[in-house]
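>
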Amino acid sequence: MTVRAAAAADAAALEQLERTLFSAENYPLSRRAFYYHIRHSLLLIAQTDSGEMAGYILALLRRREPKLYSLGIAPAYRKMGIASLLMERMLSELASRGFMRCVLEVRCDNNAAIDLYRRFGFETVKTLEGFYKDGCNAYLMRH
Ligand SMILES: CC(C)(COP(=O)(O)OP(=O)(O)OC[C@H]1O[C@@H](n2cnc3c(N)ncnc32)[C@H](O)[C@@H]1OP(=O)(O)O)[C@@H](O)C(=O)NCCC(=O)NCCS
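Spelled out as structure tokens, the structure:
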């Protein structure tokens, strides 16, 4: 498994992966949005030795503190430690740029993601009522 920065040529595959990860109520990113983030944000990809995209992680670089905006692993590659690998790489990349803190929003019913974020030191600081299109609340978590 290789972790690398995404390039413009990855946008189509990212969009395809995104459709398998997030339904409409969870604000999936469009191909256009991926092009934007490849240029302006920090987007890392986990790629298998055969070249398949196993997952990605995206952080928005904001002046005060970055936001971990999205993280997703293709269903066939889950529970193999790939999200953890991407989190490690992202947090160390952010630290190397001087960002020691980071925020994120996560669905309150997404136990897999909440567990993962807690392991990496994120704590819930607030509940955002009705954050998602289906009315589900979000937790605002901070590292
Ligand atoms: C959440 C997600 C990113 C986890 O990816 P992953 O590669 O399977 O995670 P890892 O293998 O690195 O697991 C790390 C830890 O996360 C937690 N975790 C992962 N999947 C879990 C599950 N199904 N149930 C409970 N905890 C889980 C566990 O603490 C796990 O540690 P363990 O394997 O020692 O139990 C993945 O399930 C996913 O892409 N889901 C759909 C998209 C999504 O919800 N993204 C996050 C919101 S933005």
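Each residue of the sequence shown is one higher than the last, beginning at 1 in the UniProt record's numbering.
C-beta: ideal position from N, C-alpha, C; glycine also.
Predicted model only: the values in this text are computed from it and were never measured.
In angstroms with no decimal places, state the Cα-to-Cα distance between residue 145 and TYR117.
No information on residue 145 is available, as it lies outside the stretch 1 to 143 that the chain covers here.
> Given a cut-off of 8 angstroms, decide if LEU85 and LEU71 are closer than it, judged by their beta-carbon atoms.
Not closer than 8 angstroms, so no.
> What residue ranges within the UniProt domain "N-acetyltransferase" (1-143) form continuous alpha helix (DSSP H) runs of no fewer than 4 residues, ordered along the chain?
For the UniProt domain "N-acetyltransferase" (1-143), whole alpha helix (DSSP H) runs of length 4 or above, ordered along the chain, are 11-21, 31-40, 82-96 and 111-119.
> If you draw a straight line from the C-alpha of CYS90 to the C-alpha of GLN47, how long is it?
This sequence places Met at residue 90; Cys is not what is there. Distance between the alpha carbons of MET90 and GLN47 is about 15 angstroms.
> Given this structure, state the Cα-to-Cα distance separating ILE45 from LYS79, to the nearest angstrom.
So the alpha carbons of these two residues sit roughly 17 angstroms apart.
> Is the distance from the Cβ of ALA59 to the Cβ of SER41 below 8 angstroms?
Yes; because the gap between Cβ atoms is below 8 angstroms, this pair is in contact.
> What number of angstroms, rounded off, separates the C-alpha of ARG19 from the C-alpha of ARG32?
Going by the C-alpha atoms only, they are around 14 angstroms apart.
> In its own chain, which residues sit with a C-beta less than 6 angstroms from the C-beta of THR2, not counting the 5 before and 5 after it?
Result list for THR2: GLN47, in chain order.
> Considering only heavy atoms of ligand 1, list every residue whose Cβ is less than 6 angstroms from one of them, following chain order.
Matched residues: LEU21, SER70, LEU71, GLY72, ILE73, ARG78, LYS79, MET80, GLY81, ILE82, ALA83, SER84, VAL106, ASN110, ASN111, ALA112, ALA113, ASP115, LEU116 and ARG119.
> May I have the straight-line CA-CA distance separating GLU15 from GLU129, to the nearest angstrom?
Distance between the alpha carbons of GLU15 and GLU129: 28 angstroms.
> Identify which residue in CYS102, ASP49, ALA76 and ASP134 has its Cα closest to the Cα of LEU21.
The candidate whose alpha carbon is nearest that of LEU21 is ALA76.
> Answer yes or no: do GLY55 and ALA12 have a C-beta to C-beta separation smaller than 8 angstroms?
Cβ atoms of GLY55 and ALA12: not closer than 8 angstroms.
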